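One structure below.
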Amino acid sequence: METEQMTLMDAIVRNSRRKKASRAVRTPGEIEKLVDWDELVKVVEVLDKTKSGKGGRPPISFKKKLKMLFLQSTFNLSDEELEDSLIDRLSFQQFVGPGYDEEIPDFTTVWHFKEALVKHGLMDKIFASIDGQIERRGLILKKGTMVDAVILPSGNRPLSGKKRGELEKEPSSRIDTEARSTKKNGKKHFGYKGHIGVDVESKIIRKRAFTPANEHDRSEFENLISGDEKSVWGDKAYPKDAEKRAARELGIYYGVLDKGRRGRKLSNRQQKRNRQRSKVRAAVEHPFAFMKKKLKVSTMAAKNKLRNALRFDMSCIVYNVLRTSFLIKRNARLPNCA
Numbered sequence: 050m051e052t053e054q055m056t057l058m059d060a061i062v063r064n065s066r067r068k069k070a071s072r073a074v075r076t077p078g079e080i081e082k083l084v085d086w087d088e089l090v091k092v093v094e095v096l097d098k099t100k101s102g103k104g105g106r107p108p109i110s111f112k113k114k115l116k117m118l119f120l121q122s123t124f125n126l127s128d129e130e131l132e133d134s135l136i137d138r139l140s141f142q143q144f145v146g147p148g149y150d151e152e153i154p155d156f157t158t159v160w161h162f163k164e165a166l167v168k169h170g171l172m173d174k175i176f177a178s179i180d181g182q183i184e185r186r187g188l189i190l191k192k193g194t195m196v197d198a199v200i201l202p203s204g205n206r207p208l209s210g211k212k213r214g215e216l217e218k219e220p221s222s223r224i225d226t227e228a229r230s231t232k233k234n235g236k237k238h239f240g241y242k243g244h245i246g247v248d249v250e251s252k253i254i255r256k257r258a259f260t261p262a263n264e265h266d267r268s269e270f271e272n273l274i275s276g277d278e279k280s281v282w283g284d285k286a287y288p289k290d291a292e293k294r295a296a297r298e299l300g301i302y303y304g305v306l307d308k309g310r311r312g313r314k315l316s317n318r319q320q321k322r323n324r325q326r327s328k329v330r331a332a333v334e335h336p337f338a339f340m341k342k343k344l345k346v347s348t349m350a351a352k353n354k355l356r357n358a359l360r361f362d363m364s365c366i367v368y369n370v371l372r373t374s375f376l377i378k379r380n381a382r383l384p385n386c387a
C-alpha cells in the first residue's frame, strides 16, 4: 500500500501544472545524470569498516553519503538542515535514494563522512574522479588555463598574538587557529584563499588549492597548471620572469598580465597587450561568481583549514558538474552537434 501511495505521489509531482521545475527538483536531477557514482564509490571504499564482521544496524551506503554531500554543497545546508530537507523534500529523497520504508539518515551521518574524507585525504581523488569524467566527455579542450584566487572570509574573529600563543599550548576545537589576515586594496581581511586553474574554453576548474589568506596568489601558480595546456593566463599578481621563460621553452603562450615596477612604468605596447589579455583572463571570475551567487559560498565557518577546504573542494566539484550540464545543453543546440 505504501509503495502504491508513493507511486501516486510521483505521478502528482510529474504531472504538476508548474511548467518549470524548482531548483530543488531540477538541480539534483542534473547531477544524477552526469556523475558516475560507482566510480566515486570506489574512491571512498577505503573507509569501509563493515568487513570486521560485527553485527548491528546496516550501514548507509557510500553512494547515499556521497549524494548527501552533493546536496549539502549545492544548497548550502548545514548538517542539521540537510537532515530536515531529506525529511521534507521528496526530490531530495529521490536523489539520495533511500527506500520509502527506510529511515532517513540523521545529520551525524554526513558529519562523520566528511571527517573521514578529511582524515584519509580523499578529496583530491574525488575531485580528480569528477574531472576525469568530464574530460572523457570531450569538454575540456586544453587550449589554455586561467588562474585566479579569491579571499574567503572566516566566520571567526582574528586572534591576538597572546591568544594564539595560548591556543598553541592548549588547542581548542571551537576556535580556528589556521585562518590568517591579509590586506587587499587597502582593506584588511581574515580567513582563507581559494585558488583555481580554469580551462579557457569550457570554464571547467581543472586544478584548485586552498590556503590561509596571507599566502600570496602566486604561491600556488605551479599547482594550478595542468601541464597539457597551450597557454596560461593570470592577472598582475602572477608574473614571474623565470616562469615566463620556462613557458616559452615549452612552447606555451604566457598570457599573464605585465606588471609595472617602481621607476619603470609599462610601455604603451605592454598596456595594450594587457587589455587584450584581460579579455581572456576575465572569464576565470565566472566560477567564483557562481559559487558566491548560486552555492552561497561567502564565509568559511568551520574551525580548521581542512574542513573549510572540503567545503571549497565540494563547491568546485558541484560547479564543474553543473557547468558540464550547461555545456552539454548548449552544444546540443549548436548546428552539427549530436
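Quick note: the sequence shown, position 92, residue 141 per the numbering used here, numbers continuous.
Think of the CB as a built atom: it goes at the ideal place given N, C-alpha and C, for glycine as much as any other residue.
Keep in mind it's a predicted model, so treat the numbers as computed, not measured.
#1: Start and end of the alpha helix (DSSP H) containing His265?
#2: Okay, do the segment 193-200 and the segment 128-142 touch, 3+ Cβ pairs below 8 Å being the bar?
#3: For Pro207 and Ser230, which I take to be in contact (beta-carbon distance under 8 Å), what is that distance rounded to the nearest angstrom?
#4: Given Gln121, which residues of its chain have a CB within under 7 Å of its CB, disregarding the five upstream and five downstream residues?
#5: According to DSSP, which residues form a beta bridge with Met349?
#6: Mind checking who Met195 pairs with in its DSSP beta bridge?
#7: Quick one: which unbroken alpha helix (DSSP H) runs of 4-plus residues sit fully inside the segment 272-317? Chain order, please.
#8: Between the segment 160-180 and the segment 352-368, can you find at least three pairs of beta-carbon atoms closer than 8 Å?
#9: To the nearest angstrom, how far is the alpha carbon of Ala331 from that of Lys314?
#10: Quick one: what does DSSP say Thr231 is sitting in, helix, strand or coil?
#11: Per DSSP, what kind of secondary structure is Lys242 in: helix, strand or coil?
#12: How should Glu88 be labelled, buried or exposed, when 16 other C-beta atoms within 10 angstroms of its C-beta is the threshold for buried?
#13: In terms of DSSP beta bridges, what is Ala381 paired with?
#14: Contact between the segment 362-373 and the segment 320-327 is defined here as three or more beta-carbon pairs at a separation below 8 Å; is this criterion met?
#15: May I have the straight-line CA-CA distance separating Ile136 from Ile153, to the nearest angstrom?
#16: Leaving out five residues on either side along the sequence, give the residues of the same chain with a beta carbon under 6 Å from the beta carbon of Glu269.
#17: Of the choices Lys233, Trp282, Val92 and Glu79, whose alpha-carbon is the least far from that of His265?
#18: Hey, how far is the Cα of Met50 from the Cα of Leu115?
The short version:
#1: The residue given as residue 265 occupies position 216 in the sequence shown. Premise fails: His265 is in no alpha helix (DSSP H) and is neither H nor E.
#2: Segments in contact, no.
#3: The residue given as residue 207 occupies position 158 in the sequence shown. The residue given as residue 230 occupies position 181 in the sequence shown. Contact holds; Cβ gap of about 6 Å.
#4: Along the sequence shown, one-based indexing puts residue 121 at 72. Within the same chain, Gln121 has close Cβ partners Leu131 and Val159.
#5: Along the sequence shown, read from residue 1 onward, the residue named residue 349 stands at position 300. Met349 is bridged to Ser203.
#6: Here the question's residue 195 lines up with position 146 in the sequence shown. Val247 and Trp282.
#7: 290-298
#8: Because the criterion of three Cβ pairs below 8 Å is met, the segment 352-368 and the segment 160-180 touch.
#9: The sequence position of residue 331 within the sequence shown is 282, counting from 1. The sequence position of residue 314 within the sequence shown is 265, counting from 1. Computed Cα separation, rounded: 23 Å.
#10: One-based indexing of the sequence shown puts residue 231 at position 182. Looking at Thr231 - three-state DSSP - the assignment turns out to be strand.
#11: Your numbering for residue 242 matches position 193 in the sequence shown. DSSP, read as helix, strand or coil, puts Lys242 in strand.
#12: Here residue 88 refers to the residue found at position 39 when the sequence shown is read from its first residue. Result: exposed.
#13: One-based indexing of the sequence shown puts residue 381 at position 332. Looking at the DSSP assignment, Ala381 forms no beta bridge with any residue, so it has no partner.
#14: Inter-segment contact for the segment 362-373 and the segment 320-327 is absent: fewer than three beta-carbon pairs are separated by less than 8 Å.
#15: Numbered from its first residue, the sequence shown carries residue 136 at position 87. Numbered from its first residue, the sequence shown carries residue 153 at position 104. Rounded to the nearest angstrom, the two C-alpha atoms are 7 Å apart.
#16: Within the sequence shown, residue 269 is the residue found at index 220, counting from 1. Excluding sequence neighbours, Glu269 sits near His244 and Ala258.
#17: Within the sequence shown, the letter at position 216 stands for residue 265. Nearest option by C-alpha distance: Lys233.
#18: Against the sequence shown, residue 50 aligns to sequence position 1. Against the sequence shown, residue 115 aligns to sequence position 66. Interpretation of Met50 is limited by its pLDDT of 46, a score under 50 that renders its predicted location unreliable; no figure is taken from the coordinates.
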